[in-house]
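For the sequence shown, my numbering begins at 144 and goes up steadily by one.
Note that the Cβ used here is the ideal one computed from N, Cα and C, for glycine as well.
As the structure is a computational prediction, the values presented were derived from the model and not from experiment.
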Amino acid sequence: MEIIPLFSGSSGNATLVRAGGTNILIDAGRNCKWIVNSLLEVGTDPSDIDAVLITHSHVDHVSGLDVFIRKYPTTLYATEQTFRGMRYRFTKPHESTPDIVIVPGKEFEVAPGVKVTSVSTPHDAAGSCCYRINFEGRSCMIATDLGYMTEDIEHFATGVDAMLIESNYDRRMLVYGDYPEDLKVRIAGDGGHLSNDDCARAVKFFIDNGTRRFILGHLSENNNTPDRAHKTVCDYLAGFDLFPGNDYELSIADRYSPSKSVEF
Ligand SMILES: [Zn+2]
Ligand SMILES: [Zn+2]
C-alpha cells in the first residue's frame with residue numbers, strides 16, 4: 144500500500160491511496176485541473192481512480208469534485224449528510240457514476256479485498272468522517288479535520304501501518320495571530336482542528352499501539368509552519384525517548400504539490 148498526499152492544508156486537500164492495483168482518491172479540494180496534474184505527476188491516470196471518498200462538505204475538500212467526477216466517472220462515497228451538504232456544488236448531474244451512501248463504523252469494499260471503514264469526526268460539518276483502508280493485512284488511516292481525537296478514532300486507527308494525521312495549528316501562533324476572536328474559538332474548539340500539541344499526543348498513542356509511519360497534514364497557512372509542526376511533535380516524543388528514524392518515521396504533507404509516497 145501507499146499513501147501519497149497530493150496537496151494538503153486549509154487551502155485544499157486530496158490524498159491518493161494505492162492498495163495493490165486499486166487507486167483511491169480521498170477528497171478533491173482544489174480545481175479539477177490541479178487534481179489531474181497532481182495525479183499525473185505521481186504516475187496515476189485520473190481515469191484509473193477506482194473510488195473517491197469524501198470526508199466532509201467543506202470547500203477545501205470538495206471544490207474540484209463536481210468537474211472531476213463528471214470528467215472521470217467513478218464511484219463516489221460519502222455519508223448521507225455529506226452528500227446533502229455538497230449537493231448544491233454539483234452544477235450538472237453525474238449519472239454515469241453510482242453514488243454510495245456510507246454509514247460511519249460500517250465497513251465497505253471499494254474493490255475486491257480493499258476494505259474501508261469510515262469513522263465520525265468531531266468537526267463543524269454535518270456527517271464529517273475519516274477513513275481507514277485495509278488491504279491484504281496492511282492498513283492506513285487518513286484523519287484530518289477533527290476538533291479533538293476521539294476514542295472511536297483511536298479504536299479504529301489502532302495498529303494501522305501508516306497514518307496521515309492533522310497537525311493544523313500552533314497554539315501560540317493562533318492565540319497571538321490576527322484572526323478574529325470567533326474564528327480562533329472555532330478553530331481551537333471541539334468542532335475545529337487538531338493543534339500540533341494535540342497531534343503530538345495522538346502520535347504518541349498510535350506509536351504505543353504499533354504504528355510507525357506518520358504524515359502530518361492539513362497545516363494552517365497562517366497559524367503554522369512545517370518546521371513548527373515537525374518540531375512540536377518530535378520534541379514531545381523525545382520526552383518519551385522516541386526518536387525519528389529509530390522509533391517512527393515522520394513527514395509533512397506539502398500544501399501545493401504531491402509529497403513523497405509513504406509505502407508499507
Ligand atoms: Zn473541514
Ligand atoms: Zn479541511
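| Query | Result |
| --- | --- |
| Have a look at D404 and T234 and give me their C-alpha separation to the nearest angstrom. | Asp is not the amino acid found at residue 404; the sequence shown has Ser there. Cα-Cα distance, rounded: 33 Å. |
| Please give me, in chain order, every unbroken run of the beta strand (DSSP E) with length at least 3 that falls completely inside the region 248–304. | 250–254, 257–263, 272–278 and 281–286 |
| Heavy atom of ligand 1 less than 7 Å from the Cβ of D351, yes or no? | no |
| Once you ignore the five residues that flank G332 on each side, which residues in its own chain have a CB closer than 7 Å to its CB? | G290 |
| Would DSSP call S402 helix, strand or coil? | coil |
| Ligand 1 and D288: does the residue's C-beta get closer than 7 Å to at least one heavy atom of that ligand? | yes |
| Hey, would you say the C-beta of A268 is under 7 Å away from at least one heavy atom of ligand 1? | yes |
| How far does the alpha helix (DSSP H) with I330 in it extend, from its first residue to its last? | E324 to A331 |
| Using the three-state DSSP reduction, which class does P236 fall into: helix, strand or coil? | coil |
| Given 7 Å as the limit, tell me if H201 has its C-beta closer than that to any heavy atom belonging to ligand 1. | yes |
| State the CB to CB distance for the pair S363 and S153, rounded to an integer number of angstroms; the pair is presumed to be in contact (CB under 8 Å). | 5 Å |
| Pull up the distance between the alpha-carbon of A221 and that of D295, whole angstroms please. | 18 Å |
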